[in-house]
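Contents: one structure, followed by commentary.
Protein chains in written order, with the working numbering: chain A, 636 to 736; chain B, 5 to 896.
Here you go:
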C-alpha cells in the first residue's frame, strides 16, 4: 500500500472504495448462487422440476447483471479520476455520521 | 426457399459486411472514429464468444444434456461481473505494454522471452484449429439443410466445395481488413464494426426463432414451462463435477482464448468500456441463452426422431414453413461462424508472424536491423500468409475429420487447451515471483497432458491413438492410459483431462517458479505487470544505449512505415525540446520506442531489434547496478551540497561574531584613546600644578619636599604605564627574550600570593591551596609566569565582591600540560564581558579602585602565548575563575 494515500477520503471517494469492495465480492456471491445445482438432482425429483431450475438460473443471472450495471455506473469514472482526500471545512467527511448517502 | 436465393442472400450479406467494414475504416481514417469506439461496439465485438457452437450447438447440447449448456455462459458472466479483479488489470497492462496477443503478454511478462511466445502460439494454433473447422462445418451443414429441400433439378452442392469457398472468402476478408495496420494497438475498426453488426444479426436471429417457437409453435410461456417438464430434457442427470468444471473452464477460456484476448484487450479503446461490458456482455449472453431450452424442447417434440438437434434453429422454422425466418436464422449462424473465424485468424496470424516468422527472418539475416530492407513489408506479408495458413489448417482439419463429431465436444476440447495459459497468465499479473522457467514448464506440462488425454483421443479410437493404447496404455503401461492417468478410472474424459492438466500445470508452474531465479529483465517486467496501478510508466530497460537516433529512425521506418515513424520521432524530439526528427537516444526515449515497436511486432522481437542496434546492450545486472550507482552519486552530491551550505552558514555565523567583536573593539579603541589621554593627563596635570607651586620662592622646605615627592610618584606612575605599553607591544610582536629556568610551581604560587598581598592589604582575604598537588617542577620563564600569577591574585583581591573573599587555587596535570585554576567566590564576570577582559584597557567596573590602566590581563594573555600556554576565563564556577594552562616542558 503506497504511503502517500490520504488517510481520510472525501465522501465520494469513500463511496467508490466501498463500491470496489462490492464489485470484488459480486463474482463470489454469484459463483455461490450458481453452484446450487451441484446439490440438485433433477432426474430423481418425484415431479419433474427442470422448468423451475431454468427460472432460478435465469433469475440469478438477471440479478447479477443488474448489480453489475449499478456498480459499473459508479465505478467507470473511478478508472480515471484520482482519489481526493477529505477537505476540512466543506462538511464532507468519510461518512462518520451518515453511511446512507 | 430456393437454394440459389439463399446463395444470393449470403453473398449480398457478405457485400454489406464489406461495405460496413470499408465505411468504418474510412471514417476512422478521417478521424471520425466517434461512435466506432463506443462501449456498445466494444461489448458487441466481445460477442465473438458466441460462435456457431453457441448458435447451433447450444440447442443440441441442451437436447442432449439438459441445462448443462448454461455453464459455458455462466463462467464468462462471473468473470465479467467480477471485472475489477482480472479484466481491469489485463486491459491496463495490455494498453500500457502495447500487448499484441496473449502470446505476447506471456512473452513480455516473462522477460520478453520469445521461447514462451512460441510455446503459447503453437498451443493456440493447435487448440483453435478444430474450432475453426467447427465453424466451417456448421456453415456447410446449414447450407446442406437448405439444399436438402431443393428440387431434384438442383444438384446437391458438394459440401467440401462449400467449405473451401467459405474458407477462401474469409481469408480474403480477413487479409483485406485485418492487415491494413501493422500496429495492433491501432485497432481494426473495420473488422470490429463488421463483427458488431454480425453480433446484432445473430442475436436478433436467435431471439426471432425463440419468439417464433414460444409464441408461434407453442402456446406461450406457461405452455413452454409445462413442455419442458414433460420433455426428455427434464430427465437430464446433472453431474456436479461437470457443472463446476465446465463453469471453471469457460471462465478460464474467456480470458485465455486468443480471439477473446484480441477483442477484449488488444482492440480495447478505452478502459471504461470494460465497465459497461461488465453488465452488457452478461446480458448479451443471457439473451443468447434465453430461448435455447424452449427451442430444444419444441424441436424434440415436433421434429421426427433422429433429426440432428444441432440444427433445430434452422429446421424448426423450415418445417413450420417460415422460410424468411429460416433465412434470418441462417444469416445468424453464418455471422456467428464468420466473425469468430475472422478474429481468430487475425489473433493467430499476429502471434505466428510476431513470434515465429519475424524472429526467424531476423535470425536468418544476422545484423539485419541495420541492413536495408522493408521489415514492415515482411511482417505484413508474414501476417497475410499466416491468416491463409490458419484457415488452411482449419479447412484441412475439417476435411480430414469429415465433420462428424458433435459440435459441443470440439468446442470444449478447444476451451481446455486454451485454459492451459491461465496459470502462467494469472501468476504473471499477480505474483512477482512467477518466473520464465516456471511458466515454460507449466505450459508445456499442461499442454502435453491436454494433447495426450483429450486432443488426440478426440479423433476417435483407431485415430491418432490406437485402440490398444487407449485400453492398455502405451507399451502396456496401464497407469498411462490416456483417459485413466495413474490408474484412476471412471472419470468423465473431459474432466479427467481438465483436472490432471490444470493440477499438474499449476503445480509445476509454482514449483518451477519457486525453484528458479529470474533474470533482471524478467524482474523489471514482473514489477511493471504486477504493480501496473502503482506506476504510470514501465521501467526503462535501456540504460546505456549505444544506439544512434538515426539508426533507430531508419529501422523504425521499416517497421512502422516512414510517415508514422517520422511523426513519432518528431513528437519525441519536440518533447525533449529539440527541433527536427532526431531526439537524443535517452533510455527513456528508447524504452518508449521499443513499446511503440512492440505494438507492431511484439515485445520480444522489438526488444531483439533494438538490442541489435544498441550493440547487444540488453539490460544486465551491471546496468541496473550502474543505475543504482548513479542514483547513489546524485544522492551523495546533494548531501555534499547540503553539507557545504551548512558550512557556509557556520562561516557566516563566525563572520558575524567576528564583526560584532570588531565593532566592540573599535568602540574600545576609542575608549582606549580617551582612557590613555586621561591616564596620561591626570599625572601630568598634578606634575604641572606642583612644579608651578615649586617655582614660588617663599615656599617652606617641608612643603617643597612633599610636592617634589608627589611629582616623583606621578612620574613613576607615568613611567610604569609607558613600561606596560612597551612590554605589551614587545610581547605581542613575539620579540620577547625568555629566560628559561626551572622552578617549583608551589614556590612560584607562594611568591605570587605574598607579592599580591600589598594590593588592598586592609581586606580579609583567604587563599585555599593544596600544597601536595602544587609540588612539581616547571621549565619556563619563571619571572614572567610569576607576573601572570601575581596579576591574577591581585585582580581577585581587587575585584572579588564577596563578604568573606576566598580564592581557591587548584593545580591539575593534564597530559603534557599543567592547569592552574584560580577561582574566587565573588559574583564573577558577566557573560557579555567575558570575551573582552583580555583586551587592552578593558576595565569592567569604574576605575575608582583600579590601580592599573587595564593592561594586566592583556599582558598575561600575551605572556602565556609566548610561554606556549594559555589563559582563559572559566565560566560557571560560582565566581570569577581563570585557568592558566602551561606545558610541563617547553616545546623546543
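We put the beta carbon where it would ideally sit given N, CA and C, even for glycine. The structure displayed is predicted, hence computed values, not measured ones.
Opposing strand residues paired with residue i [DSSP bridges]
i: residue 874 of chain B; result: B:889
i: residue 784 of chain B; result: B:745
i: residue 772 of chain B; result: B:812
i: residue 826 of chain B; result: B:813 and B:886
i: residue 821 of chain B; result: B:818 and B:891
Cβ pair residue i, residue j closer than 9 Å
i: residue 685 of chain A; j: residue 238 of chain B; result: yes
i: residue 147 of chain B; j: residue 18 of chain B; result: no
i: residue 86 of chain B; j: residue 647 of chain A; result: no
i: residue 113 of chain B; j: residue 274 of chain B; result: no
i: residue 930 of chain B; j: residue 569 of chain B; result: Residue 930 of chain B is absent from the model: chain B starts at 5 and stops at 896.
i: residue 256 of chain B; j: residue 422 of chain B; result: yes
i: residue 584 of chain B; j: residue 518 of chain B; result: no
i: residue 718 of chain B; j: residue 687 of chain B; result: yes
i: residue 602 of chain B; j: residue 615 of chain B; result: no
i: residue 168 of chain B; j: residue 401 of chain B; result: no
i: residue 892 of chain B; j: residue 875 of chain B; result: no
i: residue 769 of chain B; j: residue 804 of chain B; result: yes
i: residue 744 of chain B; j: residue 702 of chain B; result: no
i: residue 302 of chain B; j: residue 320 of chain B; result: yes
i: residue 432 of chain B; j: residue 533 of chain B; result: yes
i: residue 426 of chain B; j: residue 249 of chain B; result: no
i: residue 335 of chain B; j: residue 209 of chain B; result: yes
i: residue 80 of chain B; j: residue 279 of chain B; result: no
i: residue 949 of chain B; j: residue 77 of chain B; result: Past the boundaries of the shown model lies residue 949 of chain B; chain B is included only from 5 to 896, so the question cannot be answered.
Chain-order list of residues whose beta-carbon lies under 7 Å from that of residue i (same chain, five-residue window excluded)
i: residue 637 of chain A; result: In this predicted model, residue 637 of chain A has a pLDDT of only 46, less than 50, meaning its place in the structure is not dependable enough to derive any value.
i: residue 285 of chain B; result: 47, 50 and 84
i: residue 832 of chain B; result: 883 and 884
i: residue 139 of chain B; result: 55, 56, 341, 344 and 345
i: residue 889 of chain B; result: 821, 823, 873 and 874
i: residue 353 of chain B; result: 387, 390, 391 and 394
i: residue 131 of chain B; result: 418, 421 and 422
i: residue 193 of chain B; result: 28, 29, 32, 37 and 40
Sequence-distant residues of the same chain with beta carbon closer than 6 Å to residue i, five excluded per side
i: residue 376 of chain B; result: Confidence is the limiting factor: at residue 376 of chain B the pLDDT is only 47, short of 50, which leaves the residue's position unreliable, though a coordinate-based value still follows. Same-chain partners within the cutoff: there are none.
i: residue 746 of chain B; result: 781 and 783
i: residue 109 of chain B; result: 103
i: residue 735 of chain A; result: Reliability of the predicted coordinates at residue 735 of chain A is poor, the pLDDT of 34 falling under 50, and no value is obtained from them.
i: residue 620 of chain B; result: Any reading at residue 620 of chain B is ruled out, since the residue's pLDDT is 48, under 50, leaving its predicted position unreliable.
i: residue 445 of chain B; result: 512 and 516
Cut-off 8 Å between Cβ atoms - residues of its own chain near residue i, not counting five sequence neighbours on either side
i: residue 448 of chain B; result: 123
i: residue 710 of chain A; result: 651, 654, 655 and 658
Can we say the region 217 to 232 of chain B touches the region 652 to 660 of chain A, given the rule of at least three CB pairs closer than 8 Å? no
Can you give me, in chain order, the residues of the region 49 to 66 of chain B that have a beta carbon less than 9 Å from any beta carbon in chain A? Residues are counted here when their Cβ sits less than 9 Å from a Cβ of chain A; for the region 49 to 66 of chain B the count is zero.
Could you say if the region 86 to 98 of chain B and the region 319 to 339 of chain B meet the contact criterion of at least three C-beta pairs nearer than 8 Å? no
Positions along the region 375 to 407 of chain B whose CB lies within less than 8 Å of some CB in chain A: none
Say whether the region 507 to 524 of chain B touches the region 96 to 106 of chain B, bearing in mind that this needs 3 or more beta-carbon pairs closer than 8 Å, one atom from each stretch. Cβ pair count under 8 Å is below three, so no.
Against chain A: residues of the region 262 to 292 of chain B by CB proximity under 7 Å: Cβ contacts with chain A come from 275, 276, 279, 280, 282, 283, 286, 287 and 290.
Quick one: which residues of the region 696 to 708 of chain A get their C-beta closer than 9 Å to a C-beta of chain B? List them in chain order. Per Cβ criterion, the list reads 696, 697, 699, 700, 701, 702, 703, 704, 705, 706, 707 and 708.
With a cut-off of 8 Å, do at least 3 Cβ pairs link the region 791 to 807 of chain B to the region 749 to 761 of chain B? Touching, per the Cβ criterion.
For the region 235 to 247 of chain B, enumerate the residues whose C-beta is nearer than 7 Å to any C-beta of chain A, in chain order. 237, 238, 239, 240, 241, 242, 244 and 247
Check whether the region 264 to 274 of chain B touches the region 60 to 74 of chain B, taking contact to mean three or more Cβ pairs, one atom from each stretch, closer than 8 Å. no
Report yes or no: do three or more beta-carbon pairs, one from the region 688 to 698 of chain A and one from the region 668 to 677 of chain A, lie closer than 8 Å? yes
Please confirm if the region 248 to 263 of chain B is in contact with the region 422 to 437 of chain B, defined as three or more CB-CB distances below 8 Å between the two stretches. yes
If you pair each beta-carbon of the region 432 to 449 of chain B with each one of the region 525 to 537 of chain B, do three or more pairs fall below 8 Å? By the Cβ rule, the region 432 to 449 of chain B counts as touching the region 525 to 537 of chain B, because three or more pairs are nearer than 8 Å.
Does the region 452 to 462 of chain B come close enough to the region 485 to 504 of chain B to have 3 or more Cβ pairs within less than 8 Å? yes
Inter-stretch contact at 8 Å, needing at least 3 Cβ pairs: the region 66 to 84 of chain B / the region 351 to 363 of chain B: no
At a CB distance below 8 Å, what residues from the region 83 to 110 of chain B approach chain A? Give them in sequence order. Flagged, chain order: 83, 84, 85, 86, 87, 88, 89 and 92.
Given a limit of 7 Å on CB to CB distance, which residues of the region 645 to 670 of chain A reach chain B? 655, 658, 659, 661, 662, 665, 666, 669 and 670
For the region 297 to 325 of chain B, which residues have a beta carbon sitting closer than 8 Å to at least one beta carbon of chain A? Cβ contacts with chain A come from 297.
Of all the residues that make up the region 69 to 83 of chain B, which are near chain A by a beta-carbon distance shorter than 8 Å? 70, 71, 74, 78, 81, 82 and 83
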